[in-house]
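Okay, so the sequence shown: first residue is 2 according to my numbering, each after it adds one. The next block holds one structure in the form of structure tokens; read it before the comments.
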Amino acid sequence: MRISDPKVLGGLAKLDIELRPGTLLAALTSLGIGGTTDLLRIKKQESIPCLLRLLDENHIPHKFLGGGSNLLVGDGELPWVVLQLVSPEPDVILEGNLAHVDAAADLGRTVTFCAKHDLGGMEGLIGVPGTIGGALRMNAGAYGMQIGSYVREVKVYRAAARRIEILRGHQISFEYRHTSFAPDDMMLAVTLELPSKPFKEILEGIRICNEKRRASQPLGQKSAGCIFKNPPGASAGRMIDELGLKTLSVGDARVSDRHANFFVNSGKASAKDMLALIADVRDRVQKAYGVTLENEVVVWNG
Ligand code: EPU
2 MRISDPKVLG GLAKLDIELR PGTLLAALTS LGIGGTTDLL RIKKQESIPC
52 LLRLLDENHI PHKFLGGGSN LLVGDGELPW VVLQLVSPEP DVILEGNLAH
102 VDAAADLGRT VTFCAKHDLG GMEGLIGVPG TIGGALRMNA GAYGMQIGSY
152 VREVKVYRAA ARRIEILRGH QISFEYRHTS FAPDDMMLAV TLELPSKPFK
202 EILEGIRICN EKRRASQPLG QKSAGCIFKN PPGASAGRMI DELGLKTLSV
252 GDARVSDRHA NFFVNSGKAS AKDMLALIAD VRDRVQKAYG VTLENEVVVW
302 NG
């Protein structure tokens, strides 16, 4: 979608929004899939309520982009614009056991920055690509931990109330790869309360998680992490593997030969290819096990 109305363009300039017309979203997602649209980069969080009013009044649909690492975006010219936060410098400020982190901060860098200051707990998230905001929204987790356990406070633009609010940790429910935020709420910043741990000990935890991840996941390849959530008491990866579906492909969309719940873009896969592969695998698992796998990956198609 292209913004061409001079009134809207003027409004964006006034709010100090950086407009990147016709951005190819494939370049902004870890799957390397996605069509084009206007990208609006937000430098000041306070401008968000006015920006969203401007877009609403002019009937311009929008979506919020984090790190693009758990996302499958449709092909071609997209029917909405994309908003993205520009991270301030510094994006992590420490205060005792509290880490105040901007939502646009890189997750891995945040984990290592806190580790260097003897704050641990998030070792399992090392190697998970994306931003703190994205990790928060999905309640990212691995190796027995989840980010929600450490959340003290969240600054969020609440779409329904159309304003920025501060929520305490207990006001948010964090479940397995799910939170109580509405789909169009926008994470702005989070305060994490992290346990004190000597750097050396955290480093050892990070090394162990890195090793496990390297041994079981296709790290150097274009993917969105796990495609499906694990059904209660079972592993989607194991089920898909047991059906012999590793390397099953549609075009360049392929089930990883390393971990069957990772689908990789091995070349020029389109969203159409990836969606067809997801549907095919879901169908086969449903027929074999009577279980309907639910997407973990977020799909922006149409
Ligand atoms: N397995 C297979 N074949 C495969 C993949 C897995 O047999 O192709 C088996 C493994 O041998 C193991 C079991 O299935 O016995 C579980 O596998 P794994 O330990 O890799 O964990 P997972 O349940 O597949 C979850 C998360 C990952 C996270 C890992 C490590 C989900 C959907 N996935 O994977 O998170 O990194 O645990 O804690 O919850 C993600 O969220 O995108 C993600 C990759």
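Cβ atoms here follow ideal geometry from the backbone N, Cα and C, with glycine treated the same way.
At a Cβ-Cβ threshold of 9 angstroms, L99 and E205 do not count as neighbours. The Cβ atoms of F263 and S257 sit closer than 9 angstroms to each other.
Counting of Cβ neighbours within 10 angstroms places V251 among the buried residues, the total reaching 16 or more. If you ignore the 5 residues before and after R42, its C-beta comes within less than 6 angstroms of the C-beta of E19, Q85, V87, all in its own chain and listed in chain order. Taking a C-beta distance under 9 angstroms as the contact criterion, L168 and G149 do not qualify as a contact pair. For the pair L108 and W301, the CB atoms are not nearer than the 9 angstroms cut-off. When rounded, the separation of the alpha-carbon atoms in T132 and G67 is 6 angstroms.
Here R21 is exposed. Its C-beta has fewer than 16 other C-beta atoms within 10 Å. By the C-beta density criterion, Q287 is exposed, having fewer than 16 other C-beta atoms within 10 angstroms. For I279, the Cβ stays outside the 8 angstroms cut-off from all heavy atoms of the ligand EPU. Your pair M187 and Y151 does not check out as a contact, with CB atoms roughly 20 angstroms apart and the cut at 8 angstroms.
Residues of the same chain with a CB within less than 7 angstroms of the CB of A277, apart from the 5 flanking positions on each side, are V251 in chain order. Relative to L10, the option among L25, L52, K117, D119 whose CA is nearest is L52. Counting other Cβ atoms within 10 Å of its Cβ, E297 reaches 16 or more and is therefore classed as buried. Boundaries of the beta strand (DSSP E) around V157: 152-159. Between L189 and D103, the CB-CB gap stays under 9 angstroms.
L25 sits away from N266, with the two beta carbons spaced by 9 angstroms or more. Distance from the C-beta of R169 to the nearest heavy atom of the ligand EPU is not below 8 angstroms. Distances from the CA of D119 to each of G77, E202, I127, V292 were compared; the closest alpha carbon is that of E202.
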